[in-house]
Every structure is written in structure tokens, then in C-alpha cells.
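Numbering-wise (the working numbering), the sequence shown opens with residue 11 and increments by one.
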Amino acid sequence: MSAGVDKILSVLVFLLVLPLHASASSNTREDLFSDDFENGLDQWKISNPEAIAILDSGDSDHGKVLRMAPADARLHALIRGSDRWRGYRIEGDVLFPDDKHNYLGFIYNLRKTEQRVDLGSIYIKGNGSYIRVNPRRDWNPARMLYEEYHTQLSGADAIRIGEWQRFAAEVFGSICHFYVGDMKKPKVTFDYYEYDSGKAGFKPRVVGGSVWIDNIRATSIDGLSYRGPAQPEGLDHDSGHLVTDWRALGFLTQSIPEVESSSVPGHEVVNDGGIEHRWSRFETDPRGAVVTGRLVDFLGSRTVAYFATTMRVAENETARFELSTIDDMAIWINGIFQGYVYPDRFAWHDFGRNPEHDAPDAWDTLEPGTHHILVRVRGGRYASGGFFARVVREPAKGAH
Numbered sequence: 011m012s013a014g015v016d017k018i019l020s021v022l023v024f025l026l027v028l029p030l031h032a033s034a035s036s037n038t039r040e041d042l043f044s045d046d047f048e049n050g051l052d053q054w055k056i057s058n059p060e061a062i063a064i065l066d067s068g069d070s071d072h073g074k075v076l077r078m079a080p081a082d083a084r085l086h087a088l089i090r091g092s093d094r095w096r097g098y099r100i101e102g103d104v105l106f107p108d109d110k111h112n113y114l115g116f117i118y119n120l121r122k123t124e125q126r127v128d129l130g131s132i133y134i135k136g137n138g139s140y141i142r143v144n145p146r147r148d149w150n151p152a153r154m155l156y157e158e159y160h161t162q163l164s165g166a167d168a169i170r171i172g173e174w175q176r177f178a179a180e181v182f183g184s185i186c187h188f189y190v191g192d193m194k195k196p197k198v199t200f201d202y203y204e205y206d207s208g209k210a211g212f213k214p215r216v217v218g219g220s221v222w223i224d225n226i227r228a229t230s231i232d233g234l235s236y237r238g239p240a241q242p243e244g245l246d247h248d249s250g251h252l253v254t255d256w257r258a259l260g261f262l263t264q265s266i267p268e269v270e271s272s273s274v275p276g277h278e279v280v281n282d283g284g285i286e287h288r289w290s291r292f293e294t295d296p297r298g299a300v301v302t303g304r305l306v307d308f309l310g311s312r313t314v315a316y317f318a319t320t321m322r323v324a325e326n327e328t329a330r331f332e333l334s335t336i337d338d339m340a341i342w343i344n345g346i347f348q349g350y351v352y353p354d355r356f357a358w359h360d361f362g363r364n365p366e367h368d369a370p371d372a373w374d375t376l377e378p379g380t381h382h383i384l385v386r387v388r389g390g391r392y393a394s395g396g397f398f399a400r401v402v403r404e405p406a407k408g409a410h
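Here is the structure:
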């Protein structure tokens, strides 16, 4: 074999091996953060030092811990510099000292603007031993929009008052996988929070008992370690039966009569307090949820948003427009006011096809033709922020 061929083979081998080295290097985890709470809270941004502080646990295995006690609705402990983390796994120990209403809320991708704070959140309920998904938009909890993620913890993974339990979360972009007890398989895989970066931290329940955490450690990740089916088991998200084609006009401080009286809404330009607002396409989440909390404030003054869609009913059929909602709403069809909608306890993604869930709110039968539907949502109500809608079509009387 000639020297020239040997050289070419050597180059080819080098080029083949290089990606393997790069991959091995990129999968090396970097330590991002650790704290056993023995040396103060300089690494944290604490919203209320009287409610969130270091405590001597009296346990020789844990020593000092971080105690978080309810004090106000926006209480939190954020890790300084965590907004610069791209993908990470964060682990720690949690204990609930008292048998009271309490939880540990994990915060991720917290975003703060001049108007509001939005954050991804998943919590462990202490008394009750379960997990809930609970994104907050302008600090308003939206757990009632995600009740299918409610996951009971049992066996070795259960929460027991007065006993330490291990937890972890992996955050990669907008996705969060949440672990309790079992550190290999997540209890919840949540893909539907809209922001893909921001601060990380923790919070206690608004009222009730305290929660302790210890041995918090974060490392970088290049991807999620769990690649299996969505958790909890049995999720059947399918938006095919839902209305997903929406336009929206949002962050308004008042209702707009000319929008509500329009027979074909969705095109008006609105001036509200000197700010010009235009309609734009509004994407539902992959489940088909219209996440209205993205366009209304809970704490701020911008508490009105409109959502418009168009239904076409064929000559040989009739149709009903149905809703499952946790919002206060008003409905117009073709510019004619239809009435108010009161919130359900939960908004279900599979309403109308799952007999175990609440009966939907239905409107008068729509005759053949084109129908323009307008929904007005009011913010400022606790635990609101979204709805699902569907169209039920039936053959018209006498149709073949």
C-alpha cells in the first residue's frame, strides 16, 4: 500500500472518529449550581427573607436546610444566574414537616417584563402526595387547564409527612420532566409551557404549611435523559376534534363595543389607552387549548381579550359550538350576543368524547351557512386562563 493511500486512510479514520469525540465531550455534564445551605443564601434571590430562610433541621444527615413558609401570593426563591442555563437537571431533597395543606413548587423558565411575570411550574403536594402541573401567567395558577397531569405518588415514591424524599427536574427548552422518588423515570413529562428560557427556583404554597429543601444541585444536560412515552401513562392528547383556528385581540383594558357588534370580527384596529391593537393569528397549544392567560393579566390592568373563529355549516347538516372553560366568557355569533359562559371547575382537552368529564356548554343549533364566533374573556379571576372548543355536526332533519 502506498504512502499516499495510507495518508488518505488516516484522514478518513480521523474524520470518522472526530464526531464520536465531539459527542462524548458534549455529553459531559457540567456542574452549574450546588447548595447544602450551610453557608448562607448569597446564591439565591429571596422575595421575602422572613418567610424563606435557613433553618437548623435537627437532623444530623441534613444539618441546615432552606425553610419556605407561606406568606404572600408571589413568594419565591430563585437561583441567581439560572436564566443563563440552557439545558439542566436539578435535584434535591424535600420534607414537609407538618400535616397541613402544603406543597413544593418548582419554578422554571420564569420571565419578567415591565408588565408581568410568567413562569413554568410543577408542584409536589405534601398532604395528599401527588404532582400537579401549574404554569402561572401574570402569577395566575393555570392548573385547572392541565388536570390530566394530576399524578398520585405511592409506594416508595410517596410523600410522607416528616420524611425526606428525593426529587428532580430536567428542563430542556420549553419541556420539563419531573421526578419524585424514582430518579430514572419521570412521573410527569410536560411539553406545553410557551417559554424556553428563564430563571429557575422554588416556592411554597400560598397558604398552609411550610416545606424544607436541601442538597440542591444542578448540572447541564444536552438533552432529556428519558425518551419513553409521555407521562403520566394514558395521556391521549389529540386536537383533531377541537377548534384550533383562532385570531386574537389582546391585552386590552376595556371591552370594545365595535368589536362585539361586528358581524365579521377579526379585522378591526383598536385604540386602547393610546395603544394600537391589531388582530393576529393565535396558536393553540398542541392539545388544542386556547391559553387565554397569554393575553390577559391577572394582577395588571389588561384584563380583556377577544378570540374569533369561523364555522361553516354545510347545507345538509346542523352544528353546535361547545366549550369547556375555566374562564368567564361572553359569546357573540354573527354580531348577535348569545350570553355569558360561567367557568367549569376544570377545562378538559377530551371533553365531549370522555364521558367521565363534565358536560360541555353548548349553544343553539347553527343552521347551514357561515358563522362568525366571537369570544370575550375577562382576566383577573383566580385559577383561570384557558378553554377548549369543538364543533359537533349532525345531519339536518330530512337529509340523506
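Note that the Cβ used here is the ideal one computed from N, Cα and C, for glycine as well.
In whole angstroms, what separates the C-alpha of His31 from that of Leu42?
Interpretation of His31 is limited by its pLDDT of 36, a score under 50 that renders its predicted location unreliable; no figure is taken from the coordinates.
So, do the stretch 376-390 and the stretch 334-343 have three or more beta carbon pairs nearer to each other than 8 angstroms?
These segments touch.
Since Asp71 and Gly310 should fall inside the 8 angstroms C-beta cutoff, what is the C-beta to C-beta distance between them, to a whole number of angstroms?
With a Cβ gap of about 45 angstroms, Asp71 and Gly310 do not count as contacting.
Exposure label - Phe347; buried when at least 16 CB within 10 Å:
exposed
Please name the residue or residues paired with Gly349 in a DSSP beta bridge.
Ile341
Glu268, enclosing alpha helix (DSSP H) - first and last residue
Glu268 -> alpha helix (DSSP H) spans Pro267 to Glu270.
With H, G and I counted as helix, E and B as strand and the rest as coil, what does DSSP make of Glu404?
strand
Tell me, please, which residues DSSP counts as bridged to Gln175.
Val104
Can you round the beta-carbon distance between Val306 and Ala315 to whole angstroms, since I take them to be within the 8 angstroms contact cut?
5 angstroms
Given a cut-off of 8 angstroms, decide if Val221 and Gln175 are closer than it, judged by their beta-carbon atoms.
If you check the CB distance, Gln175 and Val221 do not come in under 8 angstroms.
For the beta strand (DSSP E) that Met321 lies in, which residues bound it at each end?
Val314 to Val323
Spatial neighbours of Phe182 within its chain, please: CB distance less than 7 angstroms, with the 5 preceding and 5 following residues excluded, ordered by chain position.
Gly97, Ile231, Gly233 and Leu234.
State the Cα-Cα distance for the pair Ala406 and Pro378, rounded to the nearest angstrom.
Distance from the CA atom of Ala406 to the CA atom of Pro378, rounded to whole angstroms, is 9 angstroms.
Within the continuous beta strand (DSSP E) that includes Glu286, where are the two ends?
Ile285 to Arg288
Whole angstroms are fine: how far does the CA of Pro214 sit from the CA of Leu78?
The question names Leu, but residue 78 is Met in the sequence shown. Straight-line Cα distance between these residues: approximately 6 angstroms.
Use the C-beta contact count for Gly380: other C-beta atoms within 10 angstroms, 16 or more gives buried, fewer gives exposed.
The identity of residue 380 in the sequence shown is Thr, whereas the question assumes Gly. Per the 10 Å Cβ criterion, exposed.
Alpha carbon to alpha carbon, how far is Arg170 from Ala399?
40 angstroms
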